[in-house]
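K.L.:
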Amino acid sequence: DFAKKVVDQFGDYVSYWNTFNEPNVYASFGWITGAFPPFRTNPVLAATAVKNMGKAHDLVYDYIKEKFPHQPVGISNNTTIFSAENTLGWFTSKLSDWWFMEWVPDRFTKVDFFGMSYYARIPHDPMPITYLETPDKMKKLGVIHDDMWEYHPEGMRTCIDRYWKKYRKPIIITENGICQQTDELRQQSIGDYAKILHQALQDGIDIRGYFHWSTWDNFEWHLGPTKRFGLYECNLDTKERTPRPSAEIFRKLAHFKIFEEVESEEVAVVTN
Numbered sequence: 105d106f107a108k109k110v111v112d113q114f115g116d117y118v119s120y121w122n123t124f125n126e127p128n129v130y131a132s133f134g135w136i137t138g139a140f141p142p143f144r145t146n147p148v149l150a151a152t153a154v155k156n157m158g159k160a161h162d163l164v165y166d167y168i169k170e171k172f173p174h175q176p177v178g179i180s181n182n183t184t185i186f187s188a189e190n191t192l193g194w195f196t197s198k199l200s201d202w203w204f205m206e207w208v209p210d211r212f213t214k215v216d217f218f219g220m221s222y223y224a225r226i227p228h229d230p231m232p233i234t235y236l237e238t239p240d241k242m243k244k245l246g247v248i249h250d251d252m253w254e255y256h257p258e259g260m261r262t263c264i265d266r267y268w269k270k271y272r273k274p275i276i277i278t279e280n281g282i283c284q285q286t287d288e289l290r291q292q293s294i295g296d297y298a299k300i301l302h303q304a305l306q307d308g309i310d311i312r313g314y315f316h317w318s319t320w321d322n323f324e325w326h327l328g329p330t331k332r333f334g335l336y337e338c339n340l341d342t343k344e345r346t347p348r349p350s351a352e353i354f355r356k357l358a359h360f361k362i363f364e365e366v367e368s369e370e371v372a373v374v375t376n
């Protein structure tokens, strides 16, 4: 009922519809790790939640196509590189990959495009190694990281290739960014990811657009305002938004298609 009201009220203004954002994250953290509401740790219920989201997606897809047959409707899943740091991490990394990258996306069959968010590579030993949960382990790996995960931009291309090969649907990067109080890695990442997208386009992959996460510091899931993703810094007391240097870099890329040696008129770069 809610989706129908949204479609009826705003359908004339919409170019692309994305029914669910990161259903694999929502199901994993809500019903497997217990970090999100309803704080359960039951994989069977997680699978049920995903199946129900898949059914809801199909119903909304049909309704949108009935009202606006030419508007593309898709789904956006989180994509991640899961790797084994040692023998102990082999099984858990494979299981995470299967769940995140295969089983959940396959529950959403009616799609005109595939949205994908990408942030990181997550090694396992056997548990996930992240700067957010296991900072000492992350430091021992000696890899570049932001305030949450390992920085692994080449993994985006791996995920793009995987989705493109399997589904042959247009791809939109619905989220991609850096969690960092400072801005240095964010500035670098804009160019790194632009180069990757440019090369994917040159290789014939149908990439329709890119959304940087985020325009300004956001309220991050269960972490609230403690993690900073914005091109604009948000003062929590005054609510004033101040552009970081990365905002100017992104502006030049979006308006002039220029980042150092990368120049491409094909890359659709927009903010959300």
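In the numbering used here, the protein residues as written are 105 to 376.
Heads up, the beta-carbon is just placed ideally off N, CA and C, and yes, glycines get one too.
1. Go through its chain and collect everything with a Cβ distance to M220's Cβ below 7 Å, but skip five positions before and after it.
2. From which residue to which residue does the alpha helix (DSSP H) around V208 run?
3. Let me know the secondary structure DSSP gives P173 once reduced to three states.
4. Name the two residues that bound the continuous alpha helix (DSSP H) containing P242.
5. Taking Cβ to Cβ, would you say T123 is nearer than 8 Å to H174?
6. Find the nearest neighbour of K171 within the set V110, G295 and T145, judged by alpha-carbon distance.
7. Would you say K214 reaches chain D, if we count a Cβ-Cβ gap shorter than 8 Å as a contact?
8. Evaluate the contact criterion for the stretch 331-350 versus the stretch 300-313: three or more CB pairs, one atom per stretch, below 8 Å.
9. To the nearest angstrom, how far is it from the Cα of D321 to the Cα of I309?
10. So I362 and H256 are supposed to be a Cβ contact under 8 Å. How far apart are they, rounded?
11. In the DSSP assignment, find the alpha helix (DSSP H) that holds E352 and state where it starts and stops.
P.N.:
The relevant details are as follows:
1. Position 116 of the sequence shown, counted from the first residue, corresponds to residue 220. Cβ-Cβ distances below 7 Å link M220 to S180, N181, T183, C263, Y267, I275, I277 and T278 in the same chain, with the five nearest sequence neighbours on each side left out; the list follows chain order.
2. For the purposes of this step, residue 208 is taken as the residue at position 104 of the sequence shown. Where V208 is concerned, there is no enclosing alpha helix (DSSP H), given that its DSSP letter is neither H nor E.
3. Here residue 173 refers to the residue found at position 69 when the sequence shown is read from its first residue. Looking at P173 - three-state DSSP - the assignment turns out to be coil, as it is neither helix nor strand.
4. Locating residue 242 in the sequence shown gives position 138, where the first residue counts as 1. With the sequence shown as reference, residue 242 is identified as Met, and Pro is not the correct amino acid for it. M242 -> alpha helix (DSSP H) spans P239 to L245.
5. In the sequence shown, counting from the first residue as 1, residue 123 sits at position 19. In the sequence shown, counting from the first residue as 1, residue 174 sits at position 70. Cβ atoms of T123 and H174: not closer than 8 Å.
6. Indexing the sequence shown from 1 puts residue 171 at position 67. Comparing Cα positions, the closest option is V110.
7. This model lacks chain D altogether; it includes just one protein chain.
8. no
9. Mapped onto the sequence shown, residue 321 falls at position 217. Mapped onto the sequence shown, residue 309 falls at position 205. Rounded to whole angstroms, D321 to I309 spans 31 Å at the Cα level.
10. On the sequence shown, residue 362 is found 258 positions in, with the first residue counted as 1. On the sequence shown, residue 256 is found 152 positions in, with the first residue counted as 1. In this structure I362 does not touch H256 by the C-beta definition: roughly 25 Å separates them, more than the 8 Å allowed.
11. Taking the sequence shown and counting its residues from 1, the one referred to as residue 352 is at position 248. Here the alpha helix (DSSP H) through E352 covers P349 to F360.
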